[in-house]
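What follows is one structure encoded as structure tokens, with my remarks underneath.
Protein chains in written order, with the numbering used here: chain C, 1 to 441; chain A, 442 to 691.
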């Protein structure tokens, strides 16, 4: 108990140590103020809703606040910078595994962001005209669930864990938001279910903490699963890829918020807005960012292929295997959000697949024929040719419309377009007629 | 006090330790020497229970980690290569936290921390600033203090002299000489043979995961007929290399 008290008190003391870390302490105070003020603002909006609408609307609003809290918890440590989990208790210290794990978790929770979230929750709870106890309980449970699942995600990237473990962690991590959503946005499940998930997450985290020790760096086996390793390395070291994934996620979550706000206002969705939402929930955002930034920046990637004697098919296959994880994540995020918008059906899922089938060969093909000079590492503005962006948008919108009109025809057309892109790509490679190489050599 | 029996450690593509058997008794300062990547740190990490061996057994005071983990850990002090410091805390706070894990009485703990800080640090007020602002050498000193805080009977230090200035290194040498009071054993890995020469009672030379020499320091230097550097080179320099091969540079 002494160790826990001293750890927590020392950490809190350091938060506001103006004498030794003045600037950092000031920024911490500002962050806390910002979180508290946001809590006040959200509560004010919530009270306005309660005044204007029925109580059920306020419950709906709270669910979006839950979603926002989960999002902040989950992105902390992953974006903008990747922060690996650092163990604070050396294995040679006389502490039992359980106590060690407890101290580790406590140390992770004593953090300015979590303190800020707590201030947000507290201020919001004090002001809203609703049962505050339910809100504060649910929010805190969400913070714990979010942190524990994020921890597994970070571990799966940080440690030299075998691929099967990685995939199972990822599945857990990805399924959890779905469970959160089911719990908080459908009212069907009980608090006991939430506690069960927390217990389950604690057990897995405890197991991972005690069974996967940091092995000597530099002697990892890179020979197997090179592509996956490559992606993990890029994710750890490349802020752009993280930006790509997080922006893709944030934009999609924003769509849910906008939809939610429209529901509050009682504005019905027009068909064109509905198609717009589906377009955003397709992998188009992911592809736009990947082809604009990541592939543009890592232009030398193209050089890693021996193009003489290679084929467009081989290149597409290779890059698809690199993209498989972001695509998988994007697919699951889209599924959750489509479900939240009551748009999850056969056609919308087919839209996602059709756009993927088109965008992979088209993205690589357009990078060949419209290579752009990249000046900055991080670029918000487009690095891809405007023509290719317009083409991708037009084709994607056509795919959506056609899928809703006739799904089978849409799929056949998409496959036909992709096949012709393969044909054109192979032809270009055979003739060695793409500008990127003529510029470089 | 320490026994390593047939220890083997295999990383996915490399055999880091190959059937290492070693025994370190009371009243000895065992210095482990070897090239980079020879397996010194792996050996120390296994001994400190930071990593597990693929095969073999570690016995400390006739107990292994699975039998008496806490009992063993209370009696050892370790300074390893990895940095486990909580960088948000000050040096003093970190040591207090470590002391609380050993359940040392508060007044006694303060006495020990102040004593160690006064010994290793020139400007003692430095220990009140967060560790994240420390230099590498200062961090090393905090790690050393942390390893010594519980007055361990078995002290394991991995590269204690690296990053330390010559003054602090000499302080450490003097401390280690005094610390060896007859009931204690120390295992130290180091590349700095000048300091090793001053403290070692026993020497182990490891190369490619195998122990090439294991014996008393006097035997190693053939009772003073050779110096430590020559003895070490004789063991390690199996394929002599000639600087003249770099003629393009010279």
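Every residue, glycine too, gets a C-beta built ideally from N, C-alpha and C.
(request) From the DSSP output, in three-state form, read off residue 663/A for me. (result) What you label residue 663/A is simply residue 222 of the second chain in a count that begins at 1. DSSP, reduced to helix, strand and coil, places residue 663/A outside both helices and strands of the structure shown, so it counts as coil.
(request) Could you list the residues in the stretch 80-92 of chain C with a C-beta less than 9 Å from some C-beta on chain A, going in chain order? (result) 86, 87, 88, 89, 90, 91 and 92
(request) Would you check whether the ligand ADP has a heavy atom nearer than 6 Å to the C-beta of residue 414/C? (result) As presented, the structure is devoid of all ligands, the ligand ADP included, so that no description of it is given.
(request) Sort out for me which residues DSSP pairs residue 657/A with in a bridge. (result) For this step, residue 657/A is matched to residue 216 along the second chain. Per DSSP, 643/A.
(request) Give me the Cα-Cα distance between residue 347/C and residue 279/C, rounded to the nearest whole angstrom. (result) In the first chain, residue 347/C corresponds to position 347, counting from 1. In the first chain, residue 279/C corresponds to position 279, counting from 1. Distance between the alpha carbons of residue 347/C and residue 279/C: 12 Å.
(request) Using a Cβ-Cβ cut-off of 7 Å, state whether residue 489/A counts as contacting chain C. (result) Position 48 of the second chain, counting from 1, holds the residue named residue 489/A. Output row for residue 489/A: interface = yes.
(request) Could you pull out every unbroken beta strand (DSSP E) segment of at least 3 residues lying fully inside the stretch 445-483 of chain A, listed in chain order? (result) 456-465 and 469-475
(request) Please confirm if residue 25/C has its CB atom under 7 Å from at least one CB of chain A. (result) Residue 25/C sits at position 25 when you count from the first residue of the first chain. Cβ-Cβ to chain A under 7 Å: no for residue 25/C.
(message) Suppose the cutoff is 7 Å on Cβ atoms and the five residues either side in sequence are ignored; what does the same chain contact list for residue 100/C look like?
(response) Residue mapping note: residue 100/C aligns to position 100 of the first chain, counting from 1. Cβ-Cβ distances below 7 Å link residue 100/C to 89 in the same chain, with the five nearest sequence neighbours on each side left out; the list follows chain order.
(message) Measuring CB atoms only, is the stretch 2-10 of chain C touching the stretch 517-537 of chain A, in the sense that at least three cross pairs come out at less than 8 Å?
(response) yes
(message) Is residue 616/A close to chain C? Criterion is C-beta to C-beta, closer than 7 Å.
(response) Walking along the second chain from the start, residue 616/A turns up at place 175. It does not: the Cβ of residue 616/A has no partner Cβ on chain C nearer than 7 Å.
(request) Using three-state DSSP, classify residue 493/A as helix, strand or coil. (result) Working through the second chain from its first residue, we reach residue 493/A at position 52. Residue state, collapsed to three classes: coil.
(request) Determine which residues of the stretch 37-50 of chain C have a Cβ less than 7 Å from any Cβ of chain A, and write them out in chain order. (result) none
(message) Helix, strand or coil for residue 530/A? Go by DSSP, reduced to three states.
(response) Looking up residue 530/A in the second chain gives position 89. It is coil, neither helix nor strand.
(request) For residue 651/A, write down the residues that DSSP places opposite it in a beta bridge. (result) The sequence position of residue 651/A within the second chain is 210, counting from 1. Bridge pairing for residue 651/A: 648/A [DSSP].
(request) Between the Cα of residue 345/C and those of 109/C, 75/C, 47/C and 403/C, spot the shortest distance and give me the residue it belongs to. (result) The residue you call residue 345/C lines up with position 345 of the first chain. If we check each option's Cα against that of residue 345/C, 403/C comes out closest.
(request) Identify the continuous beta strand (DSSP E) that holds residue 519/A and give its terminal residues. (result) Taking the first residue of the second chain as 1, we reach residue 519/A at position 78. That run of the beta strand (DSSP E) goes 517-520.
(request) Check whether the Cβ of residue 461/A lies closer than 7 Å to any Cβ atom in chain C. (result) Taking the first residue of the second chain as 1, we reach residue 461/A at position 20. No, residue 461/A does not count as interfacial toward chain C.
(request) Please check if any C-beta of chain C sits within less than 7 Å of the C-beta of residue 663/A. (result) Residue 663/A sits at position 222 when you count from the first residue of the second chain. Closer than 7 Å: no.
(message) Between residue 423/A and chain C, is any beta-carbon pair separated by less than 7 Å?
(response) Missing from the structure shown is residue 423/A; chain A here goes from 442 to 691 and no further.
(request) Grab me the residues of residue 541/A's own chain with a C-beta within less than 8 Å of its C-beta, minus the 5 sequence neighbours each way, in chain order. (result) In the second chain, counting from the first residue as 1, residue 541/A sits at position 100. Cβ-Cβ distances below 8 Å link residue 541/A to 550 in the same chain, with the five nearest sequence neighbours on each side left out; the list follows chain order.
(message) Rounded to whole angstroms, what is the Cα-Cα separation between residue 599/A and residue 525/A?
(response) As a first step, residue 599/A must be located in the second chain, where it is residue number 158. As a first step, residue 525/A must be located in the second chain, where it is residue number 84. Their Cα atoms are separated by approximately 14 Å.
(message) So, with DSSP's three-state summary, where would you put residue 690/A?
(response) Position 249 of the second chain, counting from 1, holds the residue named residue 690/A. Correct three-state label for residue 690/A: coil.
(request) Compile a chain-ordered list of the residues in the stretch 547-581 of chain A whose CB is closer than 9 Å to at least one CB of chain C. (result) 547, 569, 570, 571, 573 and 574
(message) Which same chain residues end up closer than 7 Å to residue 106/C when comparing Cβ atoms and leaving out the 5 residues on each side of it in sequence?
(response) Reading the first chain from its first residue, position 106 is the one you call residue 106/C. Only 4, 7 and 8 meet the Cβ criterion.
(request) Report all residues from its chain with a CB closer than 6 Å to the CB of residue 32/C; omit the five preceding and five following residues, and keep chain order. (result) As a working note, residue 32/C is residue 32 in the first chain. Cβ within range, chain order: 116 and 119.
(request) Would you please verify whether the beta carbon of residue 147/C is less than 7 Å from any beta carbon of chain A? (result) Taking the first residue of the first chain as position 1, residue 147/C is located at position 147. Answer no: the Cβ-Cβ gap between residue 147/C and chain A never drops below 7 Å.
(message) Could you check whether the stretch 121-129 of chain C touches the stretch 25-45 of chain C, counting it as contact only if at least three pairs of C-beta atoms, one from each stretch, sit closer than 8 Å?
(response) yes
(message) For chain C, check one thing: does any of its Cβ atoms lie closer than 7 Å to the Cβ of residue 654/A?
(response) Position 213 of the second chain, counted from the first residue, corresponds to residue 654/A. When Cβ-Cβ separations below 7 Å define contact, residue 654/A makes no contact with chain C.
(request) Tell me whether residue 28/C is buried or exposed, calling it buried when 16 or more other Cβ atoms sit within 10 Å of its Cβ. (result) By 1-based counting over the first chain, the position of residue 28/C is 28. Result: buried.
(request) Check whether the Cβ atoms of residue 561/A and residue 581/A sit closer than 7 Å, and answer yes or no. (result) If you number the second chain from 1, residue 561/A lands on position 120. If you number the second chain from 1, residue 581/A lands on position 140. No; because the gap between Cβ atoms is not below 7 Å, this pair is not in contact.
(request) Can you tell me which of the three DSSP states residue 93/C falls into? (result) As a position in the first chain, residue 93/C is number 93, starting the count at 1. DSSP places residue 93/C in coil when its eight states are reduced to three.
(request) May I have the straight-line CA-CA distance separating residue 482/A from residue 601/A, to the nearest angstrom? (result) For this step, residue 482/A is matched to residue 41 along the second chain. For this step, residue 601/A is matched to residue 160 along the second chain. Roughly 12 Å separates the two Cα atoms.
(message) Can you tell me whether residue 689/A is buried or exposed? The criterion is at least 16 other CB atoms within 10 Å of its CB, across all chains shown.
(response) In the second chain, residue 689/A corresponds to position 248, counting from 1. Looking at its Cβ environment, which holds fewer than 16 other Cβ atoms inside 10 Å, residue 689/A is exposed.
(request) Go ahead and pull the three-state DSSP assignment for residue 523/A. (result) Here residue 523/A corresponds to residue number 82 of the second chain, with the count starting at 1. It is coil, neither helix nor strand.
(request) With DSSP collapsed to three states, give me the class of residue 209/C. (result) One-based indexing of the first chain puts residue 209/C at position 209. Helix.
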